[in-house]
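All remarks here apply to the structure that follows.
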Amino acid sequence: MKCHHCESQATVHLTQIINGQMHKMDLCESCAQEKGVTNPENLSIGNLLDHSVIEAEKSVQGMVCESCGTSHQDFKKGGRLGCQACYHVFRPVLEPLLDGMHAGIEHLGKVPNRVEVEPAKVEEGPSIEEQCKQIKEELHLAVEAENYEKAAELRDLLKKLEAESASLT
Amino acid sequence: MFHDLFSSKSKAKVVKPTPIALSTRVRLARNLSEYPFPGRAKSAQKKKVLSMCIDALTGVDEMKNGTVVEVDDLSELDRQILVEKHLISPELSQAEESSGLFLSNDRSCSVMVNEEDHLRIQVLGNGLDFSSVWNVADCLDSHIESKLNYAFDSKLGFLTACPTNLGTGLRASVMMHLPGLVMSKNMDKVINAVNLLGIAVRGLFGEGSDASGSIFQISNQQTLGESESAIIERLKATLDNIVEQESMAREKLMEDDGMRLVDKISRSLGALKCCYMIQSAEAMDHLSLVRLAADFGIIPERFRGLADRLFIEIQPGHVQLSAGQAIEPGQRDHLRAEFIRKEFSRLPQLNLDAIS
Chain A
0 MKCHHCESQA
10 TVHLTQIING
20 QMHKMDLCES
30 CAQEKGVTNP
40 ENLSIGNLLD
50 HSVIEAEKSV
60 QGMVCESCGT
70 SHQDFKKGGR
80 LGCQACYHVF
90 RPVLEPLLDG
100 MHAGIEHLGK
110 VPNRVEVEPA
120 KVEEGPSIEE
130 QCKQIKEELH
140 LAVEAENYEK
150 AAELRDLLKK
160 LEAESASLT
Chain B
0 MFHDLFSSKS
10 KAKVVKPTPI
20 ALSTRVRLAR
30 NLSEYPFPGR
40 AKSAQKKKVL
50 SMCIDALTGV
60 DEMKNGTVVE
70 VDDLSELDRQ
80 ILVEKHLISP
90 ELSQAEESSG
100 LFLSNDRSCS
110 VMVNEEDHLR
120 IQVLGNGLDF
130 SSVWNVADCL
140 DSHIESKLNY
150 AFDSKLGFLT
160 ACPTNLGTGL
170 RASVMMHLPG
180 LVMSKNMDKV
190 INAVNLLGIA
200 VRGLFGEGSD
210 ASGSIFQISN
220 QQTLGESESA
230 IIERLKATLD
240 NIVEQESMAR
250 EKLMEDDGMR
260 LVDKISRSLG
270 ALKCCYMIQS
280 AEAMDHLSLV
290 RLAADFGIIP
300 ERFRGLADRL
310 FIEIQPGHVQ
320 LSAGQAIEPG
330 QRDHLRAEFI
340 RKEFSRLPQL
350 NLDAIS
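Protein chains in written order, with numbering that gives the first Met the number 0: chain A, 0 to 168; chain B, 0 to 355.
Dropping the structure here:
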């Protein structure tokens with residue numbers, strides 16, 4: 000799991016209920032230190048989230064939608080966007096907002112007929128050969144560790160896969 | 000002076016009112032992709048959007064033989080009456096230019112053009128009935144979509160002026176009559192509990208209106224991150240729960256102090272039968288008890304329908320519609336009382352066996 004603020008591995012996991020909604024945040028050791036997550040008593044994810052909102056706001060400050068003329072200030076004041084393109088322009092500030100506002104941040108509902116739905120990518124798992132190779136490695140480790148029960152399971156699995164592979168060819 | 004729209008009452012579907020849930024409504028917010036949202040659109044753009052939407056709607060099956068009204072053409076009073084009928088929002092009634100309403104022949108479907116969004120598609124049904132109301136709204140939306148290019152993003156769904164409507168653009172709501180929860184002082188608890196579930200509770204006329212008549216509009220708040228059916232399922236589960244709570248509260252009120260409750264109902268009937276001047280809020284509260292009495296079986300069932308009709312017809316705009324002109328509040332209260340007295344002139348004996 001990656002840190003909410005940087006790409007490092009997250010080791011600190013926080014969960015807090017704010018206004019009846021559960022917020023989760025994962026941080027790496029150094030970001031946790033930097034955000035002052037050393038004293039659990041005074042910790043509030045709300046403050047950390049606000050920080051990310053502030054960062055996002057900085058990135059769009061002074062920005063104006065070229066298509067309809069709505070400025071970041073207009074949006075902040077009225078809470079309304081001016082056109083389709085605004086959703087692209089103000090996306091950095093919108094995302095954290097939507098997170099708190101809705102059940103999720105991705106549309107799961109109706110799609111207009113005219114919109115061509117992208118075919119879902121078929122996730123190809125590792126090939127049988129790759130699986131066999133991995134099982135052989137695990138089998139080797141299990142034997143070394145004298146875990147014969149696991150080794151037997153792996154051996155059976157390997158046989159099954161090899162038979163499957165033979166029948167395919 | 001009044002718009003022709005109000006002269007043809009008979010077109011509206013005749014419905015059989017049910018206890019607790021008065022009506023179900025589904026609203027979909029949609030925008031055209033090529034134009035700025037109404038709040039940002041220039042006059043000429045709004046005009047173009049209005050004519051495009053009206054052209055598109057004219058060819059849609061659900062809106063066949065429907066009525067088109069441009070808000071510009073309506074008097075202040077006409078607009079007020081449409082708000083009281085829940086056919087347009089208070090926001091649209093204040094619209095200055097190029098806003099319109101397309102109403103189906105049986106009045107169950109309406110489409111507002113150039114409100115906060117280019118299109119607000121609305122379908123109304125009787126009692127608690129999401130399955131048919133949603134199906135009609137879904138078909139109507141698809142038919143309109145086949146003629147117009149909606150603003151849509153594959154990740155964010157239907158794009159709306161306010162991000163609170165983003166995604167499905169769906170607001171599903173039910174008008175509920177909850178006198179048991181109000182009288183037992185449990186309504187605040189219910190409101191707080193459902194708010195935590197992302198469900199909003201408002202008064203009869205929506206945002207900012209009070210809860211006179213113990214009537215509440217209960218709707219989903221979240222529109223993104225769930226499918227339409229999941230949103231409706233979740234709302235429906237909450238509403239079923241509220242119906243159960245309301246029924247229990249009513250039973251308990253009757254059990255604990257039935258005599259006082261019957262006394263309250265009788266006094267309300269008395270006030271409606273004999274009032275000489277009455278304001279709408281007071282009348283609403285009495286009518287609420289009439290509806291409750293019909294639910295208990297103390298008075299005939301037809302009074303439930305009468306209460307529902309009067310909830311709308313005693314509103315200030317409607318009283319002036321029956322007067323045929325705009326009149327002062329004092330005169331209105333007098334006319335309202337006269338109108339109500341007539342409706343309640345022949346009241347049967349209370350059937351107290353129904354509650355014993």
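All C-beta atoms, glycine included, are put in the ideal place defined by N, C-alpha and C.
Measuring C-alpha to C-alpha distances from Asp-155 (chain A) to each of A:Cys-131, A:Glu-143, A:Ser-58, A:Gln-60 identifies A:Cys-131 as the nearest. In the three-state reduction of the DSSP assignment, Tyr-275 (chain B) falls in the coil class. Within 10 angstroms of the beta-carbon of Met-0 (chain A) lie fewer than 16 other beta-carbons, which makes it exposed. Going by DSSP, Gly-124 (chain B) is part of the beta strand (DSSP E) stretching over 118-125. Beyond the five residues adjoining it in sequence on each side, Ile-297 (chain B) comes within less than 6 Å, by CB distance, of Leu-349, Asn-350, Ala-353 in the same chain, given in chain order. At least one CB of chain A lies nearer than 7 Å to the CB of Phe-151 (chain B).
Leaving aside the five residues that flank Val-63 (chain A) on each side, the residues in its chain whose CB is nearer than 6 Å to its CB run, in chain order, Ser-70. Beta bridge pairing from DSSP links Gly-202 (chain B) with B:Gly-205. Under the Cβ criterion of 7 Å, Thr-167 (chain B) is counted among the residues facing chain A. When the Cα atoms are used, Leu-153 (chain A) and Leu-138 (chain A) turn out to be separated by approximately 6 Å. A straight-line Cα-Cα distance of about 14 Å links Pro-299 (chain B) and Ser-265 (chain B). By the Cβ criterion, the region 144-153 of chain B is in contact with the region 97-112 of chain A, since at least three pairs of Cβ atoms, one from each stretch, lie closer than 8 Å. Arg-170 (chain B) is outside the set of residues whose beta carbon lies under 7 Å from a beta carbon in chain A. If you look at Arg-39 (chain B), you'll find it isn't in any alpha helix (DSSP H); DSSP assigns it neither H nor E.
For Ser-22 (chain B), the enclosing beta strand (DSSP E) starts and ends at 20-29.
By the Cβ neighbour-count rule, Arg-308 (chain B) is exposed, with fewer than 16 other Cβ atoms within 10 Å of its own. Distances from the CA of Leu-203 (chain B) to each of B:Asp-3, B:Arg-24, B:His-117, B:His-2 were compared; the closest alpha carbon is that of B:Arg-24. Between Glu-69 (chain B) and His-2 (chain B), the alpha-carbon positions lie close to 11 Å from each other.
In the DSSP assignment, Phe-338 (chain B) falls within the alpha helix (DSSP H) that extends over 328-342.
In the three-state scheme derived from DSSP, where H, G and I count as helix and E and B as strand, Thr-163 (chain B) is classed as helix. Taking 7 Å as the threshold, the shortest C-beta distance from Leu-160 (chain A) to chain B does not fall below it.
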